[in-house]
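J.: Once you've had a glance at the structure underneath, I'll fire off some questions.
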Amino acid sequence: MTRTMSFLDMLSQSGLRMGLFAYSALLIQLSRLGMTGAVIDRYHRMLGELVQPNLIIYNAVINALCKDGNVADAEAIVKKVFESGMRPDAFTYTSMILGHCRKHDLDSALHVFNQMANEGCEPNTVTYSTLVNGLCESGRVNEAFDLIREMTLRGVHPTAHTCTGPITALCDMGCYEDSWRLFVDMKNKGCEPNVYTYTALISGLCVSGILKVAIGLFHRMVRDGVLPNTVTYNALINILVENSRIEFASVVFNLMDRNGCSPNTVTYNEMIKGYCITGDAEKAMLMLNSMVQAGHSANVVTYNTIIKGYCDSGNTTSALRILELMRDSGCEPDKWSYTELICGFCKISKMELAFGLFNEMVDRGLCPNEVTYTALIDGYCKDEKLDTATTMLEQMKRSGCRPNVQTYNVLIHALTKQNNFSGAEELCKVMIKEEIFPNVVTYTAMIDGHCKNGSTSLALEMFNKMIEQGCLPNLLTYSSLIHALGQEGMVEEALNLFGKLEGQGLIPDEIAYVKMIEVYIMSGKVERAFDFLGKMIKAGCQPTMWTYGVLVKGLKNEYLLADQKLAALPDVVPTCSFDYQTTDQEAVSVLSAKLAELDSDLSVQLHNALVSKFSAAGRWFEANELLGSMISQGLCPDQEAYNSLVCSLLRARNVDLAMGVFKHMSAQGCEIRLDGYKELICTFCQLHRRKEARITFENMLTRTWNPDDVVQTVLIDGLLRAGLKDVCMEFLQIMETSHCVPSFHMYTILAREASK
464 MTRTMSFLDM
474 LSQSGLRMGL
484 FAYSALLIQL
494 SRLGMTGAVI
504 DRYHRMLGEL
514 VQPNLIIYNA
524 VINALCKDGN
534 VADAEAIVKK
544 VFESGMRPDA
554 FTYTSMILGH
564 CRKHDLDSAL
574 HVFNQMANEG
584 CEPNTVTYST
594 LVNGLCESGR
604 VNEAFDLIRE
614 MTLRGVHPTA
624 HTCTGPITAL
634 CDMGCYEDSW
644 RLFVDMKNKG
654 CEPNVYTYTA
664 LISGLCVSGI
674 LKVAIGLFHR
684 MVRDGVLPNT
694 VTYNALINIL
704 VENSRIEFAS
714 VVFNLMDRNG
724 CSPNTVTYNE
734 MIKGYCITGD
744 AEKAMLMLNS
754 MVQAGHSANV
764 VTYNTIIKGY
774 CDSGNTTSAL
784 RILELMRDSG
794 CEPDKWSYTE
804 LICGFCKISK
814 MELAFGLFNE
824 MVDRGLCPNE
834 VTYTALIDGY
844 CKDEKLDTAT
854 TMLEQMKRSG
864 CRPNVQTYNV
874 LIHALTKQNN
884 FSGAEELCKV
894 MIKEEIFPNV
904 VTYTAMIDGH
914 CKNGSTSLAL
924 EMFNKMIEQG
934 CLPNLLTYSS
944 LIHALGQEGM
954 VEEALNLFGK
964 LEGQGLIPDE
974 IAYVKMIEVY
984 IMSGKVERAF
994 DFLGKMIKAG
1004 CQPTMWTYGV
1014 LVKGLKNEYL
1024 LADQKLAALP
1034 DVVPTCSFDY
1044 QTTDQEAVSV
1054 LSAKLAELDS
1064 DLSVQLHNAL
1074 VSKFSAAGRW
1084 FEANELLGSM
1094 ISQGLCPDQE
1104 AYNSLVCSLL
1114 RARNVDLAMG
1124 VFKHMSAQGC
1134 EIRLDGYKEL
1144 ICTFCQLHRR
1154 KEARITFENM
1164 LTRTWNPDDV
1174 VQTVLIDGLL
1184 RAGLKDVCME
1194 FLQIMETSHC
1204 VPSFHMYTIL
1214 AREASK
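The working numbering puts the first residue of the sequence shown at 464, with every later residue one more than the last.
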């Protein structure tokens, strides 16, 4: 359009003048493109050339001004319409209504609508639709529906544009059934929904969590020949990500490209968030690379999401790398970038690094918020540095950052762990004085402290006080009390409390079930404990290694008790007693058999969990024996079990056995993780088996990896940290020749690390 206008200017300079029809065509097009400044400029130029505007030209100018919400100037043009002996038409009035709606002045819009009728100008579908949507955006939905009824009575048929506003408004109000009825009603009356109507309803259903209906409507939309747009896809991807259904979100994401709809920054950010939520930061990095290659710039939200993803998985090294990448990309970290990192370091008790980042954050002019301070206070409390935590609270207040209930709860929990209940109660008084009221977490911390201190009666008093204050206990409150009652041998009281928990409408979680199982084990009722395990599984609550550990402990105690009774009998042979390892194996064997009776998959889960646990503890021989036992029984080890054993074997320099496990897992279709490859390659190098290290690295590159992750994990965290700089550079060349090329920013990081 700019070139067209330049051409017209050139014609004007050569003496050629535009006529009325030429100006009409030009102003209409400029108005459609939203080029209000150009419309006004050409309008004044036309007047300067003494070309008398007609109603079409006036309407183009009025419409352009109203789209910008500039109603005052538009009214001045309407006045000129009357002065020129012309009368405004439906387009003029509709533009004025639009202008008032854009300014959220619905009373003035309705006044123009009524004036239109008084002037004998009939409103059309666009007039009604504009006003209906304006009313809906201002929350005046009932008036919008009155207007739809009025237009129908006048014989003006609603369009998809008319109904989309009310559907959106109803969804925003949470009236999903009403929005669905309106959608069905418009279809029944022959008004076919458009992409915006479908998107409005799908978005509303997604926000409400009605996932199945939203997906069904999406498929119906496609069947009806209406192509979804980016907003439609984003709504679906968002709800799938929020429900941790990243595999389905990935399917929807891939559909976009096939249907000719390009993902935008929001789409990529949602996918990255999804991978991070499910603990797959490596795939999040692959998505970041795809995003950049598609021409989209990663923003602060993108980087912060990946930083959080790495921190949540305990990989703070990679999280710091993303902070550097962020700066190198020209995206300045904000307070949340630092806060996520501080939270990450506090979780793994690296308080010096966390506080260093805090100081860096302040030096850069970023203000720490209550989340930042609370993370540091929590970190110091867990590090048993309560004085430092209290100092940090005082600093927080001095800086003008108001502590919240979570901040105080962290300190109260730390005080109760030290049996300093008077200090905890004093802090509660400070909270209330600051109009921050104790919540369920506050009371539970106090109750749990009393329980662990053996003061069950005081814990029950606090429990009753909590209910009197209108604060309902949660699962952790009940679990703490159930365990305390069990320790005092009050089995029936514990069981009654478990019943109250269910009566309150709470759904027991693993903690609640296991605490009750522990009660039975403490009282020597192991069979009752297994009955309760059956109840737990039937309720859909899956046991974990923690549950199994409690049950194994119960079985071992039972065997040892039997051994003691046997030893007390006269003329008993002393060699009959169980040793620790035998007891351990017997307990696992019995547990496996009992789990198989309940659910065959649970026996597999138990073995996998034990392989991982033994491997993590460096007990690779037992882990390997257990893995072999699984395979001989026809049970399938999972990826985690294989990877844990491989890493454990490599840490013990048992590389040949590790290679055997590696080959077996590959044959079973299980993929070794990147950190497993790192351990394998570094071990080969340290054993002077460089050729095998290179072959392993080359084989690794045949799989799909994010090049930046390969550099960070294998080259930097592996080879450089092991002092193998020459191998690192050699393997970088292998990457480049294999077309697995890292980003420019990763080259910068590698160069910096190699120069240290």
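For glycine and all other residues, C-beta sits at the position ideal for the given N, C-alpha and C.
Source: prediction; values computed, not measured.
Measure how close the beta-carbons of V448 and T905 come, nearest whole angstrom, since I'm counting them as under 8 Å.
T.: Residue numbering for the chain in the displayed model covers 464 to 1219; residue 448 lies beyond these limits and cannot be assessed.
J.: What does the alpha-carbon distance come out to for the pair I1094 and P1100?
T.: 7 Å
J.: Along the alpha helix (DSSP H) that carries C806, what are the first and last residues, could you check?
T.: Here the alpha helix (DSSP H) through C806 covers K798 to K810.
J.: Which one of M979, E973 and V715 has the shortest CA to CA distance from L948?
T.: M979
J.: Would you say L1195 and T1146 are within 8 Å of each other, going by their C-beta atoms?
T.: no
J.: Mind reading off the beta-carbon distance from Y661 to T695? Whole number of angstroms is fine, and I expect it under 8 Å.
T.: 7 Å
J.: What residue range does the alpha helix (DSSP H) around A1185 cover?
T.: Premise fails: A1185 is in no alpha helix (DSSP H) and is neither H nor E.
J.: With a threshold of 16 other CB atoms inside 10 Å of the CB of M1209, please say whether the residue is buried or exposed.
T.: Counting of Cβ neighbours within 10 angstroms places M1209 among the buried residues, the total reaching 16 or more.
J.: Going by other Cβ atoms of all chains shown within 10 Å of its Cβ, with 16 needed for buried, is R505 buried or exposed?
T.: buried
J.: Quick check on DSSP: helix, strand or coil for S1092?
T.: helix
J.: For D641, which residues of its own chain have a beta-carbon under 8 Å away from its beta-carbon, when the five flanking residues on both sides are left out?
T.: L633
J.: Exposed or buried, which one is Q1068 when buried takes at least 16 other CB atoms within 10 Å?
T.: buried
J.: Thinking just about the alpha-carbon of each residue, which of K998, Y983, T780 and I805 is nearest to the one in R1184?
T.: Relative to R1184, the option among K998, Y983, T780 and I805 whose CA is nearest is T780.
J.: Would Q1175 be called buried (16 or more neighbouring beta carbons within 10 Å of its own) or exposed?
T.: So Q1175 counts as buried.
J.: List the endpoints of the continuous alpha helix (DSSP H) containing D1172.
T.: P1170 to V1173
J.: Among I984, G987, S1055 and K988, which residue has its Cα nearest to the Cα of M1008?
T.: Residue S1055 is the option with its Cα nearest to M1008.
J.: In terms of residue numbering, what span does the alpha helix (DSSP H) encompassing H913 cover?
T.: V903 to K915
J.: Our contact map puts C794 next to A761 with C-beta atoms below 8 Å; I'd like the distance itself, whole angstroms only.
T.: 7 Å
J.: Which same chain residues, not among the five before or five after M1128, have their C-beta less than 6 Å away from its C-beta?
T.: Y1105.
J.: I1135 by DSSP, collapsed to three states: which one?
T.: The answer is coil: DSSP assigns I1135 none of H, G, I, E or B.
J.: Can you grab the Cα-Cα spacing for the pair I409 / L783, in whole Å?
T.: Nothing about residue 409 can be read from this structure; the chain reaches only from 464 to 1219.
J.: On the CB-based measure, 16 or more other CB atoms within 10 Å of its CB, does G952 come out buried or exposed?
T.: exposed
J.: Just mark V524 as buried or exposed, buried being the case when its beta carbon has 16 or more other beta carbons within 10 Å.
T.: buried
J.: Check whether the segment 747–756 touches the segment 1149–1158, taking contact to mean three or more Cβ pairs, one atom from each stretch, closer than 8 Å.
T.: The answer is no - the segment 1149–1158 does not touch the segment 747–756, with fewer than three Cβ pairs under 8 Å.
J.: Report yes if the CB atom of L804 is closer than 8 Å to the CB atom of L788, and no otherwise.
T.: no
J.: Tell me the rounded alpha-carbon separation between K652 and H759.
T.: Cα to Cα, the separation comes out at about 42 Å.
J.: Tell me which same chain residues have a C-beta within less than 8 Å of the C-beta of I899, skipping the five on either side of it?
T.: These residues qualify, in order along the chain: P866, N867, V868 and Y871.
J.: Taking just the CA atoms, how far does M614 sit from K566?
T.: Distance between the alpha carbons of K566 and M614 is about 24 Å.
J.: Could you give the first and the last residue of the continuous alpha helix (DSSP H) run that contains P516?
T.: Note, P516: premise wrong, no alpha helix (DSSP H); not H, not E.
J.: Does D720 come out as helix, strand or coil in the three-state DSSP assignment?
T.: helix
J.: Could you check if I702 is buried or exposed, using at least 16 other CB atoms within 10 Å of its CB as the buried criterion?
T.: buried
J.: Identify which residue in G828, N727, M498 and D846 has its Cα closest to the Cα of A817.
T.: D846
J.: If we call anything under 8 Å between Cβ atoms a contact, is A623 one with E655?
T.: yes
J.: Count the other CB atoms, across all protein chains shown, that sit within 10 Å of the CB of K963; report buried if there are 16 or more and exposed otherwise.
T.: exposed
J.: Short of 8 Å in beta carbon distance, which residues of its chain neighbour T590, apart from the five on each side in sequence? Order them along the chain.
T.: A553, Y556, T557, I560, F576 and M579
J.: Does DSSP classify M1163 as helix, strand or coil?
T.: In the three-state DSSP reduction, M1163 falls in the helix class (H, G or I).
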